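Novice: Take a look at this one; I'll ask things after.
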Amino acid sequence: MRHVIAVLLQNEVGALTRMTGMFSSRGYNIDSLNVAPTDDPTVSRVTLVVSGSDAAIAQLNTQLAKLIDVVNIHDMTLGDHFERELAILKLKLATGGFAKVIVLAKEHGAEVLDDAQASCTLQLTGRPAEVEAFIDAAQKIGKLQAVARSGSVAVSKGEVTLSSYQKHHRLTG
Amino acid sequence: MNLLVDADQNHSHPLAGSRMTGADIVVQVLADERVDTVFGYSGGAILPTYDAVFRYNDGHRLPDGTSPMRLIVPANEQGAGFMAAGYARASGRVGVVMVTSGPGATNTVTPVRDCMADSVPIVVICGQVPTQAIGTDAFQEAPVSAIMGAVAKHIFLVTDPTRLEATMRTAFEVARTGRPGPVVIDIPKDIQNWEGAFTGGGSLPLTGYRTRLKAVIDNRLTDDACERFYRMLAESERPLIYAGGGVINGEATKPMRRFAAAYGIPVATTLMGLGASDTTHPLSLHMLGMHGTAFANYAVEDCDFLIAVGARFDDRVAGDPGRFAPNARHIAHFDIDVSEIGKVKSVNWHHVGVMKRDLEDLLAFGKRIGFEKQLDDWHRHIAALKSRHRMNYDRNSTLIQPYAVIEAVNRLAGGQAIITTGVGQHQMWAAQYFDFKEPRLWLTSGSMGTMGFGLPAAIGAQFAQPSRLVIDIDGDASMRMNIGELETATTYGLPVKIVVLNNYGDGMVRQWQKLYYKGRMSGSDKSLHRKDFVRTAEADGFRFARRLDRKADIETTIAEFIAFDGPAFLEVIIDPDAGVYPMVGPGLSYDKMITGDWIAARDKPTTDVPGPSEMF
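Encoded structure:
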């Protein structure tokens, strides 16, 4: 199953290396990884998307929790959450293709950043499936020259919490 | 061992407010941590801190004129790392290593990884090139943070000198708390030379680590959990404790023994757990696993309730996890590390907490409910297994059998000596044939399996336990790995006893080549090597350096060797074909165990050969 896991990571030298190093040394394949600052300058938020069996994901969560720099972990997939990704595409259009771009942008709710005919640039923010559908559709009206995706970011629905990781960490059972 | 933080962190340190260099701060925190021995090798980027150690010792001489913070210099930094590991394993205290940048630091990667794999607390202080030179491919520069980050429990690269003091203190806290492990501090030279105020207290925030650790420490066994546990024990007719290194690391030997004794539950230990139970006790089954005793492995096959305590179902114990303890209707697991629960084998009951306290609580609950257990049939069964499938070997061979040598040493050691080893056949023979009446006597590289561990670990252990008999049982190939440390033993006048069981090659590799590679001894034969171990030891200052090559001389030579007052070296020429039995092939279950020619097998000998990918 696909899991979206948010990790708060202390901004220490090498903290991100230690986290990504753990993924490779323990054999996890990460589908996407997003890292960005938070409102707290000492902490970054990492969002990773990873697929695996329940046991493998539980093990990944407990191994993450062993990293000293990790402040907190939330496996979003354990509950309702919002997941969004940003994509910026660059399309090379055939003559007269721009009209199709306008239609495409409208249908998918994308924004045209640059309407240059030779290299039209579009931006979309949406759920991963919407981003996939948008890229598929874009390929049909022009040649993709660049695809820049942010990787998923996510927050849980309702009350803000970053502690449900304990579901993976039952200390007695 | 598992304290959260020093509760009475001294905020009125007598030196609080004094101006110090970074190097002096490092040494002052070591002194505050009561570090009496530092193992290390100097070099350009750590010179300021070495100077600070010298000045500290000069200003704080003990009444007998000796240094309060001995500096022990090895031949190679790997030796320093294993000395610190030996010190830590033998004492339960944090071992300390101090090395320079670049090669000094990279030479300690192996012991750091070894300590991580066996959960041994050490702190490694590395010099680093000055901050402004980092990333320029400077002389003796290595990306220590990236390298060590992959192998250590944690690494700190100090970038802000005002955080150096707190970082030093935090490093000790992280090394010793929770599941212990190695912590590395990389300190650029300019930070060692920086001058500022010593505050005398404080540590880094580590919010996440401390929160998770607190959750484990606060996790007391509830009555409900105890009830469920005793229900399983009540249903069981053949319970078995499977005790690992966590019992020793968690200082939980006594409560574990008391619990086992209260209900008469037999105990089998892992390689790392040897000494958790007194191996001479009738209900001790010694070691289980790939080279465990046949009777321990049969007991694992027969048990109906397996109680794992500080053990992790490692591949050398549960080669085939699905068929490990196949008749166990229930498995319970105590550990301090939640990631070990269900990692290899799913269990019916688990508890993550402070083992020493939890086992005491468990027994107290049993007493409160008046729990009793009659296991006479099981005890008779265990006694029969122990007698029928006892360890044995060719006692009539004209060649010296390694087992006989270990038995002879064991008679003199009496289960009270510290035994260290390298890795390979000699390590397994020592594990099988030595008695251990107490914990922290058996020091071996279990998980990493590092050849060359034995000699430096013995040196470190002797510093930690100066009045104990310390014996390194080594192999010829393992001895070669860190042979430079022979001189370290004589330099410091340590009375360590070093036995090299010489079978002219990598015996364990040859054993596998015989079993699985049609006898092609690729790279494992050393019969044409010219090494004269005795002359090597003599050249390094050993006044006792002998070769034992006649079976008739075993008792007298070993008696003189052990009795020698000072460092002693004994090479024993053993039967080169001696094998390690029993053996459960890699990836196989215990019913596939082969027991060799001299130990009685219960099942038909197996013809199963492990799959090639299982062969490690």
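Chains A and B, in that order, are what the protein sequence lines are. For the first sequence, the working numbering gives the first residue as 40, with consecutive numbering after it. For the second sequence, the working numbering gives the first residue as 1179, with consecutive numbering after it. Think of the CB as a built atom: it goes at the ideal place given N, C-alpha and C, for glycine as much as any other residue. No experiment lies behind these values; they were computed from the predicted model shown.
Short check: CB of B/Leu1541 to CB of B/Cys1481, under 8 Å?
Specialist: If you number the second sequence from 1, residue 1541 of chain B lands on position 363. If you number the second sequence from 1, residue 1481 of chain B lands on position 303. It is not a contact, given that the beta carbons lie outside the stated cut-off.
Novice: Please say whether B/Val1216 and B/Val1231 have beta carbons closer to each other than 8 Å?
Specialist: For this step, residue 1231 of chain B is matched to residue 53 along the second sequence. For this step, residue 1216 of chain B is matched to residue 38 along the second sequence. Result yes, Cβ atoms of B/Val1231 and B/Val1216 sit closer than 8 Å.
Novice: So B/Trp1690 is in the alpha helix (DSSP H); what residue range does that whole segment cover?
Specialist: Within the second sequence, the letter at position 512 stands for residue 1690 of chain B. Unbroken alpha helix (DSSP H) run through B/Trp1690: 1685-1694.
Novice: Sort A/Pro167, A/Ala126, A/Thr160 by Cα distance to A/Ile141 and report the nearest one.
Specialist: Locating residue 141 of chain A in the first sequence gives position 102, where the first residue counts as 1. Closest option to A/Ile141, Cα to Cα, is A/Thr160.
Novice: Please go through the same chain and pick out, in chain order, the residues whose beta-carbon is closer than 6 Å to the beta-carbon of B/Arg1501, but skip the five residues on each side of it.
Specialist: As a first step, residue 1501 of chain B must be located in the second sequence, where it is residue number 323. If we look at B/Arg1501 and ignore the five residues flanking it on each side, its Cβ neighbours are Ser1767.
Novice: For B/Gly1200 versus B/Ile1369, is the C-beta spacing smaller than 8 Å?
Specialist: Your numbering for residue 1200 of chain B matches position 22 in the second sequence. Your numbering for residue 1369 of chain B matches position 191 in the second sequence. Contact flag set, yes.
Novice: With B/Val1677 and B/Asp1718 assumed to form a contact (beta carbons below 8 Å), what rounded beta-carbon distance in angstroms separates them?
Specialist: As a first step, residue 1677 of chain B must be located in the second sequence, where it is residue number 499. As a first step, residue 1718 of chain B must be located in the second sequence, where it is residue number 540. Rounded, the Cβ-Cβ distance is 16 Å, inconsistent with contact.
Novice: Could one say the Cβ of B/Asn1427 lies closer than 8 Å to chain A's Cβ atoms, at least one of them?
Specialist: If you number the second sequence from 1, residue 1427 of chain B lands on position 249. It does not; no Cβ of chain A falls within 8 Å.
Novice: Tell me which residues share the same chain as B/Met1606 and place their Cβ nearer than 7 Å to its Cβ, disregarding the 5 neighbours each side in the sequence.
Specialist: Your numbering for residue 1606 of chain B matches position 428 in the second sequence. In its chain, beyond the 5 residues on either side, His1469, Val1758 have a beta carbon closer than 7 Å to the beta carbon of B/Met1606.
Novice: Under 8 Å Cβ-Cβ, which residues of chain B neighbour A/Thr160?
Specialist: Start at 1 with the first residue of the first sequence, and residue 160 of chain A comes out as number 121. The premise fails here: A/Thr160 is roughly 35 Å from chain B at the closest Cβ pair, so nothing lies under 8 Å.
Novice: Alpha carbon to alpha carbon, how far is B/Arg1357 from B/Gly1270?
Specialist: Position 179 of the second sequence, counting from 1, holds the residue named residue 1357 of chain B. Position 92 of the second sequence, counting from 1, holds the residue named residue 1270 of chain B. Whole-angstrom Cα-Cα distance: 13 Å.
Novice: Quick check on B/Trp1607: does DSSP put it in helix, strand or coil?
Specialist: Taking the first residue of the second sequence as position 1, residue 1607 of chain B is located at position 429. Reduced to three states, the DSSP call for B/Trp1607 is helix.
Novice: Along chain B, in chain order, which residues have C-beta atoms closer than 8 Å to that of A/Val89?
Specialist: In the first sequence, counting from the first residue as 1, residue 89 of chain A sits at position 50. Near A/Val89 there are no residues of chain B at all, since even the closest Cβ is about 16 Å away, more than 8 Å.
Novice: Can you tell me which of B/Asp1654, B/Arg1708, B/Arg1698 puts its alpha carbon nearest to the alpha carbon of B/Leu1748?
Specialist: Taking the first residue of the second sequence as 1, we reach residue 1748 of chain B at position 570. Nearest option by C-alpha distance: B/Asp1654.
Novice: Can you list, in chain order, the residues of its chain with a C-beta nearer than 7 Å to that of B/Arg1721? Leave out the 5 residues immediately preceding and following it.
Specialist: Within the second sequence, numbered from 1, the residue matching residue 1721 of chain B stands at position 543. So the qualifying residues of the chain are Gly1744.
Novice: Quick one: give me the first and last residue of the beta strand (DSSP E) that B/Met1533 is part of.
Specialist: In the second sequence, counting from the first residue as 1, residue 1533 of chain B sits at position 355. It is not in any beta strand (DSSP E) - B/Met1533 instead sits in the alpha helix (DSSP H) that spans 1533-1546.
Novice: Using a Cβ-Cβ cut-off of 8 Å, state whether B/Tyr1387 counts as contacting chain A.
Specialist: For the purposes of this step, residue 1387 of chain B is taken as the residue at position 209 of the second sequence. True, the Cβ-Cβ gap to chain A drops below 8 Å.
Novice: Alpha carbons only, please: which of A/Asn111, A/Ala95, A/Arg123 is nearest the one belonging to A/Ser71?
Specialist: Looking up residue 71 of chain A in the first sequence gives position 32. Looking at the Cα atoms, A/Arg123 is the closest of the given residues.
Novice: Have a look at the DSSP bridge pairing and note the partners of A/Ala191.
Specialist: The residue labelled residue 191 of chain A in the question sits at position 152 within the first sequence. In the sequence on display, residue 191 of chain A carries Ser and not Ala. None, per the DSSP bridge assignment.
Novice: Is there a Cβ from chain A that is less than 8 Å from the Cβ of B/Lys1704?
Specialist: As a first step, residue 1704 of chain B must be located in the second sequence, where it is residue number 526. For B/Lys1704, the nearest beta carbon of chain A is not closer than 8 Å to its own beta carbon.
Novice: Count the other CB atoms within 10 Å of the CB of A/Glu146; is the residue buried (16 or more) or exposed (fewer)?
Specialist: Position 107 of the first sequence holds residue 146 of chain A. Looking at its Cβ environment, which holds fewer than 16 other Cβ atoms inside 10 Å, A/Glu146 is exposed.
Novice: Please identify the residue among A/Gly91, A/Gln98, A/Asp79 whose C-alpha is closest to the C-alpha of B/Gly1520.
Specialist: For this step, residue 1520 of chain B is matched to residue 342 along the second sequence. Per the Cα distances, A/Gln98.
Novice: Are B/Ser1455 and B/Arg1435 closer than 8 Å when you measure CB to CB?
Specialist: Your numbering for residue 1455 of chain B matches position 277 in the second sequence. Your numbering for residue 1435 of chain B matches position 257 in the second sequence. In this structure, B/Arg1435 lies closer than 8 Å to B/Ser1455 by Cβ.
Novice: Can you pull the chain A residues whose beta carbon is under 7 Å from the beta carbon of B/Lys1521, in chain order?
Specialist: The residue given as residue 1521 of chain B occupies position 343 in the second sequence. Near B/Lys1521 (Cβ distances below 7 Å), the residues of chain A are Gln98.
Novice: Determine the burial state of A/Met40: buried for a count of at least 16 other Cβ atoms within 10 Å of its Cβ, exposed for fewer.
Specialist: Numbered from its first residue, the first sequence carries residue 40 of chain A at position 1. Label assigned to A/Met40: exposed.
Novice: Spatial neighbours of B/His1559 within its chain, please: C-beta separation below 6 Å, excluding the five flanking residues on both sides.
Specialist: For this step, residue 1559 of chain B is matched to residue 381 along the second sequence. Closer than 6 Å at the Cβ level, and outside the excluded window around B/His1559, lies no residue.
Novice: Kindly indicate the opening and closing residues of the alpha helix (DSSP H) around B/Asp1292.
Specialist: For the purposes of this step, residue 1292 of chain B is taken as residue 114 along the second sequence, with counting starting at 1. DSSP places B/Asp1292 inside the alpha helix (DSSP H), whose first and last residues are 1287-1295.
Novice: Would you list, in sequence order, the uninterrupted alpha helix (DSSP H) runs of no fewer than 4 residues that lie entirely inside the stretch 1325-1410 of chain B?
Specialist: Every unbroken stretch of the alpha helix (DSSP H) spanning 4 or more residues and falling wholly within the stretch 1325-1410 of chain B is given here in chain order: 1342-1354, 1367-1371, 1385-1395.
Novice: When we look at the beta-carbon of B/Glu1479 and count the other beta-carbons within 10 Å, is it buried (16 or more) or exposed?
Specialist: For this step, residue 1479 of chain B is matched to residue 301 along the second sequence. Answer is buried; the Cβ neighbour count reaches 16.
Novice: Could you confirm whether any beta carbon from chain B is found closer than 8 Å to the beta carbon of A/Leu143?
Specialist: Mapped onto the first sequence, residue 143 of chain A falls at position 104. Output row for A/Leu143: interface = no.
Novice: What's the C-alpha gap between A/Ala157 and A/Ala138?
Specialist: Along the first sequence, read from residue 1 onward, the residue named residue 157 of chain A stands at position 118. Along the first sequence, read from residue 1 onward, the residue named residue 138 of chain A stands at position 99. The straight-line gap from Cα to Cα measures roughly 13 Å.
Novice: By the three-class DSSP mapping on this structure, what secondary structure does B/Ala1185 have?
Specialist: As a first step, residue 1185 of chain B must be located in the second sequence, where it is residue number 7. In this prediction, B/Ala1185 scores a pLDDT of 45, lower than 50, which makes its location untrustworthy; no coordinate-derived value is stated.
Novice: Between which two residues does the alpha helix (DSSP H) carrying B/Val1301 extend?
Specialist: Taking the first residue of the second sequence as position 1, residue 1301 of chain B is located at position 123. In this chain, B/Val1301 is not harboured by any alpha helix (DSSP H); it is covered by the beta strand (DSSP E) spanning 1300-1306.
Novice: Distance cutoff 8 Å, beta carbons only. Does B/Val1530 sit that close to anything in chain A?
Specialist: Walking along the second sequence from the start, residue 1530 of chain B turns up at place 352. Closer than 8 Å: yes.
Novice: By DSSP's criteria, A/Thr86 is part of a beta bridge. Which residues make up the other side?
Specialist: Sequence index remark: in the first sequence, residue 86 of chain A carries index 47 (1-based). Answer by DSSP bridge pairing, in chain order: A/Ala45, A/Asn73.
Novice: Between which two residues does the alpha helix (DSSP H) containing A/His147 stretch?
Specialist: Here the question's residue 147 of chain A lines up with position 108 in the first sequence. Segment 137-147, the alpha helix (DSSP H) holding A/His147.
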